[in-house]
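The block underneath contains the structure these notes are about, expressed in structure tokens.
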Amino acid sequence: MHRATVELKTFFRERDAVVFTFAMPAVILTLLGSIFDGVYPGSDVTSAQYLAPSMIAAGVASATFINLGTGIATDRDDGTLRRLRGAPMPPSAYFIGKILMALVVTVGETVLLLGVAVVGFDLSLPTDPTRWLTFGWVFLLGATACALVGIAASSLARSARSAGAVMNLPYLVLAFISGVFYTPVGQLPEPLVTAGSLFPLKWMAQGFRSVFLPDSILPQEVVPSWEHGRIALVLAAWCIGGMALCLTTFRWQGRRGR
338 MHRATVELKT
348 FFRERDAVVF
358 TFAMPAVILT
368 LLGSIFDGVY
378 PGSDVTSAQY
388 LAPSMIAAGV
398 ASATFINLGT
408 GIATDRDDGT
418 LRRLRGAPMP
428 PSAYFIGKIL
438 MALVVTVGET
448 VLLLGVAVVG
458 FDLSLPTDPT
468 RWLTFGWVFL
478 LGATACALVG
488 IAASSLARSA
498 RSAGAVMNLP
508 YLVLAFISGV
518 FYTPVGQLPE
528 PLVTAGSLFP
538 LKWMAQGFRS
548 VFLPDSILPQ
558 EVVPSWEHGR
568 IALVLAAWCI
578 GGMALCLTTF
588 RWQGRRGR
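Throughout the sequence shown, residue numbering follows the working numbering, covering 338 to 595 in sequence.
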């Protein structure tokens, strides 16, 4: 908890990073929601309302995968990791502190996105407690999976300067092939649907859509079902796989000879 407090203080002191981190998903939702219009046949769901839950998933991935990956790569490059490694602190405290910081940021981002969707695009919040329960486990599994993969992917960056590009490229590619920026997802080309189905972002977005959208929108999905069992299985598998990647690829020091 002490390390999480340090991470949060460090994050919120960087005011420009705070503004851009919280604003980016909300701005994208506002822009795309204003560009796309119309109502899907057989339902009363608008294009903007369909986009909103997917943008929540994109916000979760951004606040965990990108922020953790770039933050840890920076700590490695400037020697912070090496110094912490020699400090009287269990290594797990560093990672737990980073993940808790990312979760706090993710919750704030999600609240902001929901506010924009409700006020700007008339998205209705669910009244059924089971839907909020679904939101909870999709959120926790998705955020955990993206955080662990972000920690592992931080080792791909050779320096702090390259970390942003290294983390943002796969994020943007996955956002497009997962149907986040393209509505409805069922109209994506089949090869892209297949590729997106291998990664957690597609399943997070689908899980959030099942919470905030009525079942009448299911004909616009890849299959006419929310597939909650498969969502839980894929996200849990990525949590396990992300942990394995962390244990096998994480480095406390930067690569020599850069």
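Even for Gly, the Cβ is constructed at its ideal location relative to N, Cα and C.
For M361, the uninterrupted alpha helix (DSSP H) run begins and ends at R352 to I372, by DSSP. In the displayed model, T383 falls within a strand according to three-state DSSP.
The residue among T467, I372 and R546 with its C-alpha nearest the C-alpha of M392 is R546. Assignment of V522 by DSSP, reduced to helix, strand and coil, places it in the helix class. Assignment of V503 by DSSP, reduced to helix, strand and coil, places it in the helix class. Judged by DSSP secondary structure, R588 falls outside any alpha helix (DSSP H); it is assigned neither H nor E.
Its chain contains A398, T401 and F402 as the residues whose beta carbon lies nearer than 6 Å to that of C483, once the 5 sequence neighbours on both sides are disregarded; these appear in chain order.
Take the alpha-carbon of H339 and the one of C583: they are about 22 Å apart.
Here L418 has D412 and W589 as same chain residues with Cβ atoms under 6 Å from its own Cβ, once five neighbours each way along the sequence are excluded. Ranking P507, V571 and R352 by CA distance to the CA of S534 puts V571 first.
The three-state reading of DSSP puts V376 in strand, counting E and B together. Collapsing the DSSP output to three states places G578 in a helix. Cα atoms of N505 and T342: separation of roughly 26 Å, rounded to the nearest angstrom. Straight-line measurement puts the Cα of V442 at about 26 Å from the Cα of R495.
L437 is the residue among V356, F373 and L437 whose C-alpha sits nearest the C-alpha of L477. Taking C-beta atoms as the reference points, L405 and G487 count as a pair closer than 7 Å.
By the neighbour-count criterion, in which a residue is buried when 16 or more other Cβ atoms sit within 10 angstroms of its Cβ, A502 is exposed.
Annotated three-state conformation of P556 is helix, per DSSP. The region 367 to 387 makes contact with the region 450 to 459, as at least three CB pairs between them are under 8 Å.
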